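Report on the structure given below.
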Amino acid sequence: MALPSSAAQGQVPPLLQANQHIYSDYFDENFVETLDRTILQLLDRVWFRSELIGFENFPQRNRPDRPLLFASNHSGMAFPWDAMVALSHLWRRLPRLRDLPRPLSAPMLSQSVLMNPFLLKNFWKKCGCVDATTLNFETMMYYQDHNLMLYPEGVAGIGKGFNRKYELQRLATSIVRLGIEHRTDIIPFYTINGEYLNPYAYSWDWVNRLSKKIGIPFIPMGPILLMVLLQPWFFYMAFPARLTFVLGGRIRPYELTAKTTSELTRPEYEALSGQIRAKMQEELDAAVQQYGQRPYRWRELWQRIRENWRYFPFFLPWAWPALFREFERQYARKGHHDFDLKLRSPGAYWRMLWRNPFTLTFFIPVLGWIPIAIRGYKGHRINK
Numbered sequence: 007m008a009l010p011s012s013a014a015q016g017q018v019p020p021l022l023q024a025n026q027h028i029y030s031d032y033f034d035e036n037f038v039e040t041l042d043r044t045i046l047q048l049l050d051r052v053w054f055r056s057e058l059i060g061f062e063n064f065p066q067r068n069r070p071d072r073p074l075l076f077a078s079n080h081s082g083m084a085f086p087w088d089a090m091v092a093l094s095h096l097w098r099r100l101p102r103l104r105d106l107p108r109p110l111s112a113p114m115l116s117q118s119v120l121m122n123p124f125l126l127k128n129f130w131k132k133c134g135c136v137d138a139t140t141l142n143f144e145t146m147m148y149y150q151d152h153n154l155m156l157y158p159e160g161v162a163g164i165g166k167g168f169n170r171k172y173e174l175q176r177l178a179t180s181i182v183r184l185g186i187e188h189r190t191d192i193i194p195f196y197t198i199n200g201e202y203l204n205p206y207a208y209s210w211d212w213v214n215r216l217s218k219k220i221g222i223p224f225i226p227m228g229p230i231l232l233m234v235l236l237q238p239w240f241f242y243m244a245f246p247a248r249l250t251f252v253l254g255g256r257i258r259p260y261e262l263t264a265k266t267t268s269e270l271t272r273p274e275y276e277a278l279s280g281q282i283r284a285k286m287q288e289e290l291d292a293a294v295q296q297y298g299q300r301p302y303r304w305r306e307l308w309q310r311i312r313e314n315w316r317y318f319p320f321f322l323p324w325a326w327p328a329l330f331r332e333f334e335r336q337y338a339r340k341g342h343h344d345f346d347l348k349l350r351s352p353g354a355y356w357r358m359l360w361r362n363p364f365t366l367t368f369f370i371p372v373l374g375w376i377p378i379a380i381r382g383y384k385g386h387r388i389n390k
């Protein structure tokens, strides 16, 4: 990944220059392209059926040398399939990959292998994610190759529960501060129906405090919890919610105040964050009213299944462990980049199980969690 030009480098503080290795430490565009082509296109076409609303005239940078800050609401109480689907859809849609946002993600997603889909090591970082620390955020503001994407509600947004599914939590003031400092725009977009990936799951703070000690940001207390014990693959489960992503109105945070970042106090930052949150909440409520009334659309789902029956069972969640682990075997362990998983060939699923016997642990009640936990926490950085 290219670093900024020498002229731009002269403007980067030394501490941030030293941290610019995060631009290319893990990110692998071949990984993203191959993952989308072999897996995500099918899952999106049949299961998630995502739609982009308002992205026809894709927002362009107001400053060519600074990334735009794309910001969305969290789904809450679900594995982050919504972010994965949104970015893969944009990957296929955008003519210029420079416009594609790279995510700043909760560090807990990369602290243990368990939080990567079906234990695919460094999955999120290979897809372009960067841990959302203050240092990393400031470093990425000098990044030239892509825009940025973040979920400013933070972990509180992930664990807010089904009863508060479309209530924006307090937004991080860092997005306001850096937007003002670098005079770059915030581009809201709204994830609709994401809560229905794991519906009727609720949150208790004391449970989440305990779960964070083992590197899991929250434990959804709902119908799916018992199945997670009986069938570990349910930990990564997603119901077939029809995901819709609605582009909001551009926000120029530097126009909300006449003060510089050094002059603003903490309460003033929080007030500016509250203004932005109120604007986003209003747009989110309107988007929910228009696109969130039929989250599953069962007739459409059945039609998509019929049209793609040749790919059975790979569009169904119980087949995803074998699908993802065979992808890792081909890409990471065998070093193949241009391959076809041959999903339509007879016996494809059983061959994947034969080649990836660890996949069977995802179907062993209770005891299956022992080998999964051992592999999931091997070499972890939790509480370090």
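Under our numbering, the sequence shown has 121 at position 115, and the numbering climbs by one with no breaks. For glycine and all other residues, C-beta sits at the position ideal for the given N, C-alpha and C. Small disclaimer: the values here were computed from a predicted structure and weren't measured.
Measure the C-alpha to C-alpha separation of K391 and A247 and round it to an integer number of angstroms. It is not possible to answer for residue 391, since the shown part of the chain is limited to 7 through 390.
Proximity of W360 and P238 at Cβ, strictly below 7 Å: No; because the gap between Cβ atoms is not below 7 Å, this pair is not in contact.
Threshold first: 3 residues or longer. Then list the beta strand (DSSP E) segments lying entirely within the region 57-87, N to C. 57-59 and 75-78
State the CB to CB distance for the pair S180 and T140, rounded to an integer number of angstroms; the pair is presumed to be in contact (CB under 8 Å). 6 Å
If K132 sits next to F37, beta carbons under 8 Å apart, how far is it from one beta carbon to the other, in whole angstroms? 5 Å
For P107 and M155, what's the separation of their Cα atoms in angstroms? 5 Å
Does the distance from the C-beta atom of F85 to that of P327 stay below 7 Å? no
Extent of the continuous alpha helix (DSSP H) run through P327: W326 to E334
Give me, in chain order, the residues of the same chain whose beta-carbon lies closer than 7 Å to that of T40; leave out the 5 immediate sequence neighbours on both sides. Y337 and H343
Tell whether a beta-carbon distance below 7 Å holds between Y196 and V252. yes
Inter-stretch contact at 8 Å, needing at least 3 Cβ pairs: the region 76-83 / the region 200-211: yes
Please report the Cβ distance between N153 and L74, rounded to the nearest whole angstrom; I am assuming they are in contact, meaning their Cβ atoms lie under 8 Å. 4 Å
Please work out which residues of its chain come closer than 7 Å, Cβ to Cβ, to L177, disregarding the five sequence neighbours upstream and downstream, and give them in chain order. P158, E159, S279, I282 and R283
Rank K219, G60, I257 and L347 by C-alpha distance to the C-alpha of R189 and give the top, closest one. I257
How is the beta strand (DSSP E) around Y196 delimited, first residue to last? I192 to I198
Can you give me the Cβ contacts of E332 inside the same chain, cut-off strictly under 7 Å, excluding the 5 residues immediately before and after it? L347, M358, R361 and N362
Helix or strand or just coil, what does DSSP make of P226? The answer is coil: DSSP assigns P226 none of H, G, I, E or B.
Simplified DSSP assignment, three categories, for T250: strand
Taking I59 as the reference, which of K127, L249, P226 and M90 has the closest Cα? Ranking K127, L249, P226 and M90 by CA distance to the CA of I59 puts L249 first.
First and last residue of the uninterrupted beta strand (DSSP E) at M155: N153 to L156
For R310, I'd like the list of residues in its chain whose CB is within less than 6 Å of its CB, leaving aside the five on either flank, ordered along the chain. Excluding residues within five positions, the ones whose Cβ falls inside 6 Å are V52.
Quick one: grab the DSSP three-state call for Y148. coil
Quick check on the DSSP output: the alpha helix (DSSP H) that includes P273 runs from which residue to which? R272 to Y297
Assign V136 to one of three DSSP states: helix, strand, or coil. strand
H27 burial status per 10 Å Cβ neighbour count (16 or more: buried): exposed
So who's on the other strand from Y208, going by DSSP bridges? M227
In whole angstroms, what separates the C-alpha of R381 from that of V372? 16 Å
Helix, strand or coil at S351 according to DSSP, with G and I counted as helix: Coil.
Could you please give the first and the last residue of the uninterrupted beta strand (DSSP E) stretch that includes L366? Segment: none, L366 is in no beta strand (DSSP E) and carries neither H nor E.
CB contact flag (T267, E187, <7 Å): yes
Taking just the CA atoms, how far does N122 sit from F129? 6 Å
Closest to L174 by CA distance: which of L126, N68, P273 and Q287 is it? Q287
Taking W356 as the reference, which of A325, I370, Q295 and P101 has the closest Cα? Distances from the CA of W356 to each of A325, I370, Q295 and P101 were compared; the closest alpha carbon is that of A325.
I need the DSSP call for S217, collapsed to helix, strand or coil. helix
In whole angstroms, give me the CA-to-CA distance for H95 and E35. 15 Å
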